[in-house]
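In this note's numbering, the protein residues as written are 401 to 962.
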């Protein structure tokens, strides 16, 4: 009887595991694999049954990793998981976890999960072996052999049951129920094939129709600051409760900018990613190519494709990447052609780290301010990553009115005394959402303060890199992000207002004005390659509704960022 209960446990364990997988992974809650497996275990000789049980334990272990990773991927990045493509993301995920809750708790959590999965796999294998052993003992005691044996009859009953289950599924749904393991394997292979095919298409595109570097002569004598705000998506502006925090902030920034004689316009761009992997969005904007996964990113970096870096090199700009989240070697910066890369170490920050966040955005912009002052004789094109709005969204610092008091950042230490620990904050999802809104408000406030205090005729472009994770946006959210352009030179801003989906001010335009992120470079070319103002002509194919399903491929692993 105990063996029978253990057999039932195996079936339920497999059913519970596969039930966590939504289509296209599995189409029924009871896996046919469990019925077939039990039938074979009972029927096979002891040695063969032991081998099959051990193999089943390994498969269970692998399926558990894939299932848990798929759930984590859906929760954080809102996309499927592929073991072949995304395995390095496990290390990146651990890095984020350690930066959020501390290394000790992160290691303990991972060890606990590994031990739990290992114990379940071992118990499953042991149960199958005992089931085979029990069936053999019963047959030996009762001298049952051949087709009269309990093993044969039980195995036949299970296999007939599996067949009947398949026929029932066909009658009910018009198709045979499929193996949970086979479904999972096929889906993994299909997503891998799609990514490889997408990369091959990009390779052909780069060979057959490369985008030439284009000098934007209207911008040749001024600084261009391409600034990304982490996890700043349209949900932050449109959805409650975030809009209650961010819309008043944007209105205040707009009023102050206008009072100081600055001009601004706002559009919306569709990002290739959600929830993370910002470098894919950065690469999409820079290259004018849709970089939706790591394969395509690697192909871009390996190729001779031009980017905005090349565009601004033609106009004599000193090109600079300001990347506070990069804490390891980043050869991609050199391959992309930047003259200078300022990573976490290169920014000379001496203040406290803020969990995952290496330094606050105000320090990053203060460092950029000093760099631009030292480059008065040469215009600078800078790509800047602002990361204070990255999870875990604690602590959120105040914005210092006196930028000269920032120094090397040591003064930020005084704001950490009352900061809440991430492991406390993340026990309450509603408070997490509140902190997210406050973190994005801080980043926007830094941009507003910087523009009011220091922006001249330079062009400041501020955009989100991607929407936040589904815990913030909910399921089915748009992939759109806001983009703001700010300058004291009215003509630069008015260029964006001329038929390119932008509207004056800091308010978000409607979804119908959304432009794919890979079209932004082409828009810049059309607006600024001639010395006289140009009216932008945007085709209908380049404007995309905000809520269409995401089908541009999936994003993958980071090589160098935190």
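Even glycine gets a Cβ: it sits at the ideal position worked out from N, Cα and C.
Alpha-carbon to alpha-carbon, residue j and residue i
| i | j | result |
| --- | --- | --- |
| residue 691 | residue 919 | 12 angstroms |
| residue 714 | residue 465 | 49 angstroms |
| residue 609 | residue 696 | 16 angstroms |
| residue 589 | residue 598 | 14 angstroms |
| residue 446 | residue 519 | 22 angstroms |
| residue 819 | residue 798 | 12 angstroms |
| residue 656 | residue 905 | 11 angstroms |
| residue 812 | residue 749 | 11 angstroms |
| residue 869 | residue 911 | 20 angstroms |
| residue 688 | residue 707 | 7 angstroms |
| residue 681 | residue 525 | 45 angstroms |
| residue 937 | residue 898 | A caution first: residue 937 carries a pLDDT of 48, below 50, which makes its placement in the model too unreliable to give a value. |
| residue 913 | residue 606 | 28 angstroms |
| residue 808 | residue 770 | 12 angstroms |
| residue 738 | residue 864 | 22 angstroms |
| residue 890 | residue 802 | 27 angstroms |
| residue 908 | residue 646 | 12 angstroms |
| residue 831 | residue 510 | 25 angstroms |
| residue 527 | residue 815 | 56 angstroms |
| residue 747 | residue 845 | 21 angstroms |
| residue 726 | residue 760 | 14 angstroms |
As assigned by DSSP and simplified to three states, the class of residue i
| i | result |
| --- | --- |
| residue 668 | strand |
| residue 782 | strand |
| residue 691 | coil |
| residue 846 | helix |
| residue 721 | strand |
| residue 908 | coil |
| residue 521 | helix |
| residue 706 | coil |
| residue 614 | coil |
| residue 903 | strand |
| residue 749 | coil |
| residue 872 | helix |
| residue 632 | coil |
| residue 791 | coil |
| residue 512 | helix |
| residue 829 | helix |
| residue 622 | coil |
| residue 856 | coil |
| residue 801 | coil |
| residue 595 | helix |
| residue 834 | helix |
| residue 796 | coil |
| residue 654 | helix |
| residue 715 | coil |
| residue 922 | helix |
| residue 444 | coil |
| residue 774 | helix |
| residue 929 | coil |
Bridge-paired residues (DSSP) for residue i
| i | result |
| --- | --- |
| residue 674 | 867 |
| residue 916 | 670 |
| residue 754 | 757 |
| residue 741 | 721 |
| residue 882 | 668 |
| residue 663 | 887 |
| residue 627 | 784 and 862 |
| residue 466 | According to DSSP, residue 466 bridges with nothing at all. |
Whether residue i touches residue j by CB criterion (8 angstroms)
| i | j | result |
| --- | --- | --- |
| residue 617 | residue 930 | yes |
| residue 883 | residue 847 | no |
| residue 837 | residue 641 | yes |
| residue 888 | residue 625 | no |
| residue 779 | residue 875 | no |
| residue 881 | residue 664 | no |
| residue 451 | residue 440 | no |
| residue 776 | residue 720 | no |
| residue 821 | residue 711 | no |
| residue 724 | residue 785 | yes |
| residue 685 | residue 866 | no |
| residue 843 | residue 878 | no |
| residue 732 | residue 595 | no |
| residue 859 | residue 619 | yes |
beta-carbon residue i near the ligand GTP non-hydrogen atom, thresh 7 angstroms
| i | result |
| --- | --- |
| residue 724 | This structure lacks the ligand GTP; in fact it carries no ligand of any kind. |
### Task
Answer yes if the region 787-798 comes into contact with the region 831-845, meaning at least three C-beta pairs across the two stretches below 8 angstroms, and no otherwise.
Using a Cβ-Cβ distance cut-off of 8 angstroms, the region 831-845 and the region 787-798 are in contact, since at least three pairs of beta carbons, one from each stretch, lie closer than that value.
### Query
If we count Cβ pairs, one from each stretch, closer than 8 angstroms, do we get three or more for the region 850-859 versus the region 630-640?
no
### Query
When the Cβ atoms of the region 749-766 are set against those of the region 697-711, are three or more pairs found closer than 8 angstroms?
With the cut-off at 8 angstroms, the region 749-766 and the region 697-711 do not touch.
### Query
Is there contact between the region 663-683 and the region 908-927, where contact requires at least three CB pairs shorter than 8 angstroms?
yes
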